[in-house]
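One line per chain: the protein sequences are G and E, in this order.
Residue numbers for the first sequence follow the working numbering, beginning at 1 and rising by one.
Residue numbers for the second sequence follow the working numbering, beginning at 299 and rising by one.
We treat Cβ as the ideally placed atom computed from N, Cα and C, and that holds for glycine.
Computed from a predicted model, the values in this text were never measured in an experiment.
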Amino acid sequence: MQEVLAILIDGITYASWLFIIAVGLTLVYGVMKILNVAHGSLYALGAYAATSLGGYWLAHGYPPVGTYGMLALAAIAVGLVAGPLIERGLLRRMYGNEEVVLVLITYAVFLILEDLSKLLWGVDPLSIPEPYSLLGNFEIGGLVYPNYNLLLLAVSLLVGAALALVLNGTRQGKILQAVIHDREMSAAVGINVSRVYLVTFTVGAMLAAMGGALTAPSIAVQPGISADTIVLAFAVVVIGGLGSLGGAALGAVLVGLVRAWAVHKWPEVELFSVYAVMALVLILRPKGLFAVPEARKI
Amino acid sequence: MRDRTLVLLAAALAAMLAAGFLLPQWINTLTIAIAWGVVVVGMMLMMRTGLVSFGQGLYYCLGGYSAAVLHKFYDIGDILVMLLAGMLVAAAVAAVLGLLMAKYRDIFFAMLSLAFSMILFGLLVKSEQLGSTDGFGLSVRSVAGAALPQGHERFVVFAGAAVVAFVAALAMHRYLASHLGRLAGAIKDNELRVEYMGESVRKLIHVNYVISAALAGAGGALAAITIGHVDPEMSFWTQSGEFVFITILSGTGSVLAPFLGAIIFETVRSFAYEHSPNTWQMVLGFTMLLVIMFLPGGLWSIFQRRREAA
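Right under this line is the structure:
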C-alpha cells in the first residue's frame, strides 16, 4: 500500500516537472509547426541562470526566501532574451521549409547554445539548493517528501490552467487558434501572424527556462542536462499528440507514472520504459493520443 | 555523360590507403571517418527517399555491440566475422522494425526512430552484464582467418575499413542507378504517383530502411573494432544527430559525398578537441546553419555546379 502511494507521489511529481517543460514544446509546435530541439537548451539556460541569479542574491546576504523570485526572474530573463533572438534572428528566415529541415535548424541552435552555456558557466556542476531545502518536508502515510514537490505541482497546474484559459477564453487565444487552424487565412483577415509567432516562441522559451529554473534547486546543473531532458519532452509531446495541450498533460502523467512504477518495481527498465511507452503509442496511434486526423493532401 | 564514379571511387580508395600509409598518427581518425562514412551512405539513401532518421544510432550501436559481444562471450576475434555479424544483426532488427517504420513519414518517422534508439540506450545503460554505462572493450586477432601481422594491426583495420567502404559505396552507386534506387527520389517527390505506377511505397521504404540499417551496423562494427570499446552512447540521440549532421553537410549528390563529409567532420573534431573543446559543437551548429541556408545540396553540390557550368 505504501509502495502504491510512493509510486503515485513520485509519478505526479515527475509528471508536473515533465508537463512544465513539454507544454512549451507542444505550444510552439502547435502554432509554428516547429519541433524545437533547442527547447532543451533553453531549459538548461534557465537552470544556469537560476544558479547564477540565486547565488548572486545569497552572496549579497539577502533573505533566502528571495531565491524564489530569482528563479522566476531567471526564467523570464532567458525567455525574453533568447526567445525573440532565435525567432527574429533565425527562424523567421526559415518558415516555409519542410518540418524536418526546421527540426535540423533548431538542432543547430541546440548545438550552439550547448557550447554557449559551457563558455558562460563552465563545465563544473553548479547548484542552488536553498529553495529546495527551505520549504521543509511533509509526511504522508509514513513517507516523507519535500514540500518543493508540491510547489512543482502547483506551478504545473497553474501553467496548464492559465494556458487553457488564454487559449479558450480570450481574444488573443481565439487569434492563436485561428493561426493554428490556417495561417494564410488568418493573415488575410488582418491577423499579425508574424507577431503571434514571436509571442508564441517567446512564451515557449520562457516555459522551457522556467522548467530549468525550477529544476535547478534539485539537481547538479551541468552540461548534458539539455540533451537528457529534450528527449523526455519529445516522448511526452509525441505520446499526447504534437500541438495538443491536453495531450501534453496526459503524456506527462503517463510517462511520470510509468517511470515511477519502473523505479520502484523494476529499476532495470527505468529509462527503457519511457521510450517503450512512446513507441507503443506511436505504433497504435501514429500521431499521438490526442491528434486530430488530417485530410490527405496530394 | 559518362559515369566517372567508379574511377573516382578507385582513386579515393588509393588516396585513402596512401594517406593511411603516410600519416600513421592519423590512422585512427581516418578509420573512424570511413566507418561513419559507411553509416552516412545509408542515411543518404533514406534522405533521398525523403526520410530523416533521428535514430540511426540504434543500428550503429547494434553493429558495435554485436562485434563486441562476439569477442566477450564467444572469444571470436576475426574482423570479417564481426563485421558480418554487425551487419546481419542490424539488418535483422531493421527487417522487423521496418514493418512499422515504413508507415511513418516526416517528423513521425524521425520521432519513432528516435524512440527505438533510446529504448536500446535505456536497455544497455541498465544491463550489468554488458557493462551498463561504461560499456566494455574488445580486441581483434585475425581477418578472414589470417592472423593480423604484428605491429601493423591498425593499418590492417584501416585498410579493411577502406575496402569495405569502397564496396559499400560502389554497391550503393549501382543500387541508386537501378530501377528500385531511382524510385527513392520519386517517393520523395510524390509518393502517390509512385503508387499509381503500381509500386508499393511501403515495400520500397522497407527495403531502403533495411539497407541503411545494414550499413549502419557495418559502420558500428568497424568503429567498435577501431576504438576497441563500445558504450551505450552509441545509441544516444546525439550520436544519431551527428550522423544527420554529416548527411546534411555532405549532401546526397554522390556516394562519395558521405566520405568527404565524414573525413572533414572527423578532422575538424580532432583539431577542435585539442585546441578548444568547448566550442566544437558551436562550430558544428553554425556550419549546419550555413549549409542549410546557402548550400541546401550539401558540400557535394559545389562540385556539381562547377561541372554544369563547364
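query: Beta-bridge pairing of Asp376 of chain E - partner residues as DSSP gives them; result: E:Ser440
query: Contact list for Asp404 of chain E against chain G, beta-carbon separation under 7 Å; result: Glu99, Val100
query: CB contact below 7 Å: Gly396 of chain E versus chain G; result: no
query: Min CB distance Ala248 of chain G to chain E below 7 Å; result: no
query: CA-to-CA distance, Ala413 of chain E to Ile546 of chain E, given in whole angstroms; result: 22 Å
query: Simplified DSSP assignment, three categories, for Ile298 of chain G; result: Reliability of the predicted coordinates at Ile298 of chain G is poor, the pLDDT of 45 falling under 50, and no value is obtained from them.
query: The region 411 to 429 of chain E contacting the region 230 to 238 of chain G, beta-carbon criterion three pairs below 8 Å; result: yes
query: Stretch-stretch touch, CB-based, cutoff 8 Å, three pairs: the region 472 to 488 of chain E with the region 327 to 341 of chain E; result: no
query: Residue-chain proximity (Phe201 of chain G, chain E), Cβ-Cβ < 7 Å; result: no
query: Local conformation of His181 of chain G per DSSP, three classes; result: helix
query: Where Ala276 of chain G meets chain E, residues with beta-carbon distance less than 7 Å; result: Ile417
query: Per DSSP, cross-strand counterpart(s) of Leu143 of chain G; result: G:Ile140
query: Gly141 of chain G burial status per 10 Å Cβ neighbour count (16 or more: buried); result: exposed
query: Span of the alpha helix (DSSP H) around Arg88 of chain G; result: 67 to 89
query: Per DSSP, cross-strand counterpart(s) of His527 of chain E; result: E:Gly435
query: Unbroken stretches of the alpha helix (DSSP H), 4 residues or longer, contained in the region 348 to 399 of chain E; result: 355 to 372, 377 to 399
query: DSSP beta-bridge partners of Leu126 of chain G; result: G:Val221
query: Three-way DSSP call (helix, strand, coil) for Ala38 of chain G in this model; result: coil
query: Contact list for Glu87 of chain G against chain E, beta-carbon separation under 8 Å; result: Within 8 Å Cβ-Cβ: nothing; Glu87 of chain G doesn't reach chain E, min ~15 Å.
query: Neighbourhood of Glu497 of chain E by C-beta, 7 Å cutoff - its chain only, sequence neighbours within 5 removed; result: Leu481
query: N-terminal and C-terminal residue of the alpha helix (DSSP H) that His264 of chain G is part of; result: 245 to 265
query: Cβ pair count under 8 Å reaching 3, the region 166 to 176 of chain G against the region 2 to 12 of chain G; result: no
query: Neighbouring residues, chain G, relative to Asn576 of chain E (Cβ below 8 Å); result: Asp115, Lys118, Leu119, Val123
query: Assigned exposure category for Arg346 of chain E - 16 Cβ within 10 Å defines buried; result: buried
query: Listed by chain order, chain G residues near Ile590 of chain E by CB distance under 9 Å; result: Met94, Asn97, Val101, Leu104, Ile105, Ala108
query: Beta-bridge pairing of Ala521 of chain E - partner residues as DSSP gives them; result: For Ala521 of chain E, which the question treats as bridged, DSSP gives no partner whatsoever.
query: Chain G contact residues for Gly449 of chain E, given Cβ-Cβ distances below 9 Å; result: The contacting residues do not exist; Gly449 of chain E stays about 38 Å from chain G at best.
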